[in-house]
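Trainee: Pasting in a structure now, in structure tokens, and then I'll have a few things to ask.
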Amino acid sequence: MKSSLPSLPSLLLVDAATCVVLGLALEFGARPIAALTGLPESPLLYAGLSLLPIAAIMALVALRPALQPAGALLVIAGNAAWAIASLALLATGWVTPNGLGIAFVVVQALVVAVLAMLERAALRRMAPHPRAA
Numbered sequence: 179m180k181s182s183l184p185s186l187p188s189l190l191l192v193d194a195a196t197c198v199v200l201g202l203a204l205e206f207g208a209r210p211i212a213a214l215t216g217l218p219e220s221p222l223l224y225a226g227l228s229l230l231p232i233a234a235i236m237a238l239v240a241l242r243p244a245l246q247p248a249g250a251l252l253v254i255a256g257n258a259a260w261a262i263a264s265l266a267l268l269a270t271g272w273v274t275p276n277g278l279g280i281a282f283v284v285v286q287a288l289v290v291a292v293l294a295m296l297e298r299a300a301l302r303r304m305a306p307h308p309r310a311a
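The sequence shown begins at 179 in this note's numbering and counts up one residue at a time.
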């Protein structure tokens, strides 16, 4: 039975592309995004800057001739940490955005969490299955 889920390299490339898009938006739009969301400008800028090398790592993992599970696990763990940290910012009161800001943080955290879950499922599909005796 063929799976309808995308391949792990495809998911990693989608993940990398979303990092580039959000990274550039945050890097070049930190001030207006901060004004609209009530989120502090500096962390938005630094988050944007951090997403560009993260995207490069994801693309490198995806484009290797033989995909390395350790690289994929690093991406998955990083995505999980990003999603948890994003929600923790709200839960701890480190940031106090307006309603649009809360939605921005929650939606991007959910997108990242969904990508992590899809990547994990795709990685599991790639793992060799033990044969029954």
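Beta carbons: idealized from backbone N, C-alpha and C, even for Gly.
A quick note: this is a predicted structure, and the numbers were derived from the prediction, not measured.
Is it buried or exposed for Leu229, if we count other Cβ within 10 angstroms and need 16 for buried?
Mentor: With 16 or more Cβ atoms within 10 Å of its Cβ, Leu229 is classed as buried.
Trainee: Put Arg302 into one of helix, strand or coil per three-state DSSP.
Mentor: Note: Arg302 maps to helix in three-state DSSP.
Trainee: Could you please give the first and the last residue of the uninterrupted alpha helix (DSSP H) stretch that includes Asn257?
Mentor: Unbroken alpha helix (DSSP H) run through Asn257: Pro247 to Thr270.
Trainee: If we require 4 or more residues per run, which alpha helix (DSSP H) segments fall completely within the segment 182-236?
Mentor: Taking only runs of at least 4 residues, the alpha helix (DSSP H) segments lying wholly in the segment 182-236 are 186-215.
Trainee: Kindly indicate which three-state DSSP category Ala240 falls into: helix, strand or coil?
Mentor: In the structure shown, Ala240 sits in a helix (DSSP, three-state: H, G or I).
Trainee: Among the residues of its own chain, which have a CB less than 7 angstroms from the CB of Val273, if the five just before and after it don't count?
Mentor: Leu217, Pro218 and Leu267, listed in sequence order.
Trainee: With 16 as the cutoff for other CB atoms within 10 Å, does Arg303 come out buried or exposed?
Mentor: So Arg303 counts as exposed.
Trainee: Looking only at its chain, what residues have a beta carbon closer than 8 angstroms to the beta carbon of Asn257, apart from the 5 residues adjacent to it on each side?
Mentor: Asp193, Val290, Ala291, Leu293, Ala294 and Glu297, listed in sequence order.
Trainee: If we call anything under 8 angstroms between Cβ atoms a contact, is Val239 one with Ala250?
Mentor: Contact: yes.
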